[in-house]
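Step one of this worksheet: look at the structure below.
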Amino acid sequence: MPQTLYDKLWDSHVVHVEDDGTTLLYIDRHLVHEVTSPQAYEGLKVAGRKPWRVDSVVATADHNTPTTNWDEGMAGVKDKFAKLQIETLDKNMKEYGAKVYFPYLDKRQGIVHVIGPEQGATLPGMTLVCGDSHTSTHGALGCLAHGIGTSEVEHVLATQTLVTRKMKNMRVNVEGPLGRGVTPKDVVLAIIGRIGTAGGTGCAVEFAGSTIRAMSMEGRMTVCNMAIEAGARAGMVAVDDTTIEYVKGRPFAPRPPLWDSAVAYWKTLKSDPDAKFDREVTLDAREIKPHVTWGTSPEMVTSVDSVVPDPDKEKDSTRREGMERALVYMGLKPRTRITDIKLDKVFIGSCTNSRIEDLRAAAAMVKGRRKAANISVAMVVPGSGVVKAQAEKEGLDRIFRDAGFEWREPGCSMCLGMNPDHLSPGERCASTSNRNFEGRQGEGGRTHLVSPAMAAAAAIAGHFVDIREWR
Amino acid sequence: MEKFTVLKGLVAPLDRANVDTDQIIPKEYLKSIKRTGFADALFAAWRHDPNFILNQPRYKGATILLGRKNFGCGSSREHAPWALIDYGFRCVIAPSFADIFFTNCFKNGLLPVVLREDEVDKLFYDAALPGFNLTVDLESQTVSTADGSKKFRFEVDAFRKYCLLNGLDEIGLTLRHEDKIRAFESRRKTQFPWYF
Ligand code: SF4
Chain A
1 MPQTLYDKLW DSHVVHVEDD GTTLLYIDRH LVHEVTSPQA YEGLKVAGRK PWRVDSVVAT
61 ADHNTPTTNW DEGMAGVKDK FAKLQIETLD KNMKEYGAKV YFPYLDKRQG IVHVIGPEQG
121 ATLPGMTLVC GDSHTSTHGA LGCLAHGIGT SEVEHVLATQ TLVTRKMKNM RVNVEGPLGR
181 GVTPKDVVLA IIGRIGTAGG TGCAVEFAGS TIRAMSMEGR MTVCNMAIEA GARAGMVAVD
241 DTTIEYVKGR PFAPRPPLWD SAVAYWKTLK SDPDAKFDRE VTLDAREIKP HVTWGTSPEM
301 VTSVDSVVPD PDKEKDSTRR EGMERALVYM GLKPRTRITD IKLDKVFIGS CTNSRIEDLR
361 AAAAMVKGRR KAANISVAMV VPGSGVVKAQ AEKEGLDRIF RDAGFEWREP GCSMCLGMNP
421 DHLSPGERCA STSNRNFEGR QGEGGRTHLV SPAMAAAAAI AGHFVDIREW R
Chain B
1001 MEKFTVLKGL VAPLDRANVD TDQIIPKEYL KSIKRTGFAD ALFAAWRHDP NFILNQPRYK
1061 GATILLGRKN FGCGSSREHA PWALIDYGFR CVIAPSFADI FFTNCFKNGL LPVVLREDEV
1121 DKLFYDAALP GFNLTVDLES QTVSTADGSK KFRFEVDAFR KYCLLNGLDE IGLTLRHEDK
1181 IRAFESRRKT QFPWYF
C-alpha cells in the first residue's frame, strides 16, 4: 500500500501496539531545556529510575536566559527563579549526562529548535521530541518531531518511548513562485489564516508543493515551526537534495562510510505518489502577500495592504465575540489600514525567525538607515551562538547597531518574555516570533507577527510598510 | 496519579473559544521546579477582572470547567493541567481540545471530556443557573445532570481510561515491555547505526 511520509516515519518506530491502537513509539532524539525538564528529572529520582539512553539527549538552557550581561557570568542572571532553573539543569546534566549539553554562556548555546538542526543532532528519519510545542520545527528535515508535556519528558527519559496514537495524515500544498518581499513566514501565516488555529488538530501535516521544495532549509523550518499554530503537533517536509546538503558535515551528522547508507535511506523519506491523505489543502503562492496579524491568535491575520477586519461583518457569534475582545486588547479599530498601525518595539528573533537567513533578510532592509524615533527598542536576538558568530563575520551586527538596533546574546528572549526582555502594558510590537496570544510578550503587550524583513522595515518606518514597495 | 472514577461537582462555565495555555497559566509562573503550587497562577491575567468566573462566589469550589472549542491550544506547558488541578478542577468539558494539552491532562488525572457542540451549548445554558452540578462517570463514559434530564456519552481511549480508573503510573506500565524495547533498539542500531 502506498504510504505517506508520516506513515513511513511512524511505522519504522513502532515498538508495541495495544488493542485500542495506543502505541509505544521509539524515540531517537530527546531535546531538553530548563523550563519543562526539572519536574521530569525530579520524578525519575523519586522513582529511583535512570535515563534509558543518555546519548539520545541534547540539552541547552534557552527559555529564561538573559540576552545581556553575559560578561558577568551567572551573576548576570538577576532573576533568582530563572537562575534556579538554569542551575537545576546544570545539576541534572552533571548527574545524568547527555550526548551533548550547551549550558548557558556556551558558544554553541541557543534556542533548542535552532541548535538541533544546526549541530546535526536532528537528522532525517528520526523521531524527535522536546518539552516544547515548537518541536514541530525539526520536521523540516524529514523527521517526525513534536512537542510533549513534562510527564512525557519523564516517560521518554525512563523508557526511550512515548505512549501515543497515530495522528491523521494531512497535506498542505503550496504551489508557484513567491512574489518579491514574500517569505516563508508569510506562507505559513497564510496557511494558518486559511485553515485556522485548530485546522490541523489531530493531524501530522506534510508541507509540499513547488513553493516548499524551492525553499531553503531555514525557510522550511519557519513553516514547520508554526504547524503547531495551526493545531498540528507535527509538521514535516520530504527529504530532498536541499535537506541532504544541509545536514552534510554538521558536527553530529553521520560521516563516511555511514554517510552513504544514511543518504540512501533518507532518499526514501517522501510520500509515495498515490499515498492517501485524510485532508488536503492547496494554496497558490502567487496570491500570498506579506502578512501581519492584527489579533490575539495567529489565525487573526491579514495581508499588509489590507485593513483590520470589522467584527460586525462576522456571522458566527463566538467568532465575533473573539474578534471584538481581540480588538479591545490590541487597542485597534476596525477598518484601520495595517500600514497605519504605529509601533513601539520591534523584536527579531525566536525559533521561527532567528537563523542566519532571517538576519540577512532583516539587515538588507536596515542597511544604511536608522530606526524611527517612536521605536523605543528594536532588538535582534540570534537563535544561537553559532548564528551570532556567523552574522558578526558577515558584518550584520554592525548594520543593525548603526541603525540603532540592539544586538543581543542568543535565547528565546522576547518571544515569551520569561527573561528580562518583554513588553510593558499597552506597548505594541512587530515580532518575528510565532504567538500573539494575550500577554505572550508581557502582560498587556500587543504583538503583531510578521516576517523578519517586515519587522525590520517597520522599525525603520515606525509603522508597518508594504515591503513590496520598499525602496 | 490520583484515580478518576465518578466525579460529582459544581460547574464553572468559561465562555471563550481557543483558550490557550498562556492564559491558563502565564509564563511568569513557569519558573518553579516543582509540580504543585500553581493554584494562584491559574488564569492569573484574567483574574484581575472582578467579573471573571473564578472571582464569582457562586463558582467557588467548582471541580468541572466547561469550555469552548480548541481548549488548551498553544504552548505544551504541563503547568496548565497542574494549575487546573491545584485550583481544584478534575474535569474539563469542551467540544474540542488541542492535542498536547489533551494528552497532558490524562497524565495528571484531569479528565478532558469531548462533547458535541450542541451538547456543550445546552450545558452552558444550564450553567447560568446557580449551583449547576454535573456527574461525570468515567466507567460508563457519561456526563449527566443531577435531575437526570440530560445524559451525554463521551468517548475515551480504552488504555487511557484504564490508567485513569486505576490511577496507574504509565512508566511502570511501559516498562512491562522492557524486553520489546530493548529488542527494537538493538534491531534499529544494526539497521540504522547513525542514529546512535
Ligand atoms: S523561541 Fe519562543 S516559541 Fe521558540 S522555543 Fe523559545 S519560547 Fe518557545
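Sequences listed follow chains A and B, in order.
Just so you know, this note's numbering puts the end of the first sequence at 471, numbered straight through with nothing missing.
Just so you know, this note's numbering puts the end of the second sequence at 1196, numbered straight through with nothing missing.
Glycine included, each C-beta is placed from N, C-alpha and C at the ideal position.
Could one say the Cβ of residue i lies closer than 8 Å to chain A's Cβ atoms, at least one of them?
i	result
T1214(B)	A query on residue 1214(B) cannot be resolved here, the shown segment of chain B reaching from 1001 to 1196 and no further.
R1188(B)	yes
D1040(B)	no
L1084(B)	no
P1050(B)	no
Y1125(B)	no
L1030(B)	yes
Can you find a C-beta in chain C that's less than 8 Å from the C-beta of residue i?
i	result
N64(A)	Absent from the structure is chain C; the protein chains it does hold are A and B.
In the DSSP output, what is residue i paired with across the bridge?
i	result
H16(A)	L24(A)
H477(A)	A question about residue 477(A) goes unanswered here, because the residues of chain A that appear run from 1 up to 471.
V57(A)	H30(A)
R337(A)	V307(A)
F347(A)	M379(A) and S431(A)
F464(A)	The partner list for F464(A) (beta bridge, DSSP) is empty, contrary to what the question assumes.
M236(A)	E206(A)
H1079(B)	In the DSSP output, where bridge partners are listed per residue, H1079(B) has none listed.
M170(A)	V205(A) and R279(A)
V292(A)	T302(A)
Y101(A)	A59(A)
N1133(B)	L1010(B)
I1093(B)	L1066(B) and V1113(B)
G110(A)	S384(A)
Please tell me whether, using a cut-off of 7 Å, the distance from the CB of residue i to the nearest non-hydrogen atom of the ligand SF4 is below it.
i	result
D132(A)	yes
I111(A)	yes
S350(A)	yes
N436(A)	no
C1105(B)	no
L1129(B)	no
D1022(B)	no
L423(A)	no
C203(A)	no
S261(A)	no
C415(A)	yes
C412(A)	yes
D1147(B)	no
H1079(B)	no
D62(A)	yes
S433(A)	yes
Output yes if chain B places a C-beta closer than 8 Å to the C-beta of residue i; else output no.
i	result
A329(A)	Residue identity check: residue 329(A) is Tyr in the sequence provided, not Ala. No, Y329(A) lies away from the interface with chain B (no Cβ there is under 8 Å from its Cβ).
A389(A)	no
P254(A)	yes
D19(A)	yes
Q160(A)	yes
E427(A)	no
A145(A)	no
S322(A)	Here residue 322(A) turns out to be Gly, not Ser, going by the sequence shown. Closer than 8 Å to some Cβ of chain B, the Cβ of G322(A) qualifies, so yes.
V15(A)	yes
A198(A)	yes
G149(A)	yes
D132(A)	yes
D28(A)	yes
May I ask you to list, following chain order, the residues of the stretch 408-425 of chain A that have a beta carbon less than 7 Å from some beta carbon of chain B? L416, G417 and M418
Selection of the stretch 217-239 of chain A by Cβ proximity to chain B, strictly under 7 Å: G231 and R233
If you measure beta-carbon to beta-carbon, which residues of the stretch 1011-1028 of chain B are closer than 9 Å to chain A? D1015, R1016, A1017, N1018, D1020, T1021, D1022, Q1023, P1026, K1027 and E1028
Any C-beta of chain A within less than 8 Å: which residues of the stretch 1066-1077 of chain B qualify? Within the stretch 1066-1077 of chain B, the qualifying residues are R1068, K1069, N1070, C1073, G1074, S1075, S1076 and R1077.
Interfacial residues, the stretch 1087-1102 of chain B to chain A, with Cβ spacing under 7 Å: Answer in chain order: S1096, A1098, D1099 and I1100.
When Cβ atoms are compared, which residues of the stretch 428-443 of chain A fall closer than 9 Å to chain B? R435, F437, E438, G439, R440 and E443
Could you name the residues of the stretch 74-89 of chain A whose beta carbon sits closer than 8 Å to any beta carbon of chain B, in the order they occur along the chain? D79, F81, A82, L84, Q85 and T88
Taking a cut of 7 Å between CB atoms, which residues from the stretch 295-308 of chain A lie near chain B? S297
Which residues, taken in chain order from the stretch 1164-1188 of chain B, show a beta carbon closer than 9 Å to some beta carbon of chain A? D1169, E1170, I1171, G1172, L1173, T1174, L1175, H1177, E1178, K1180, I1181, A1183, F1184, E1185 and R1188
Any C-beta of chain B within less than 8 Å: which residues of the stretch 328-351 of chain A qualify? none
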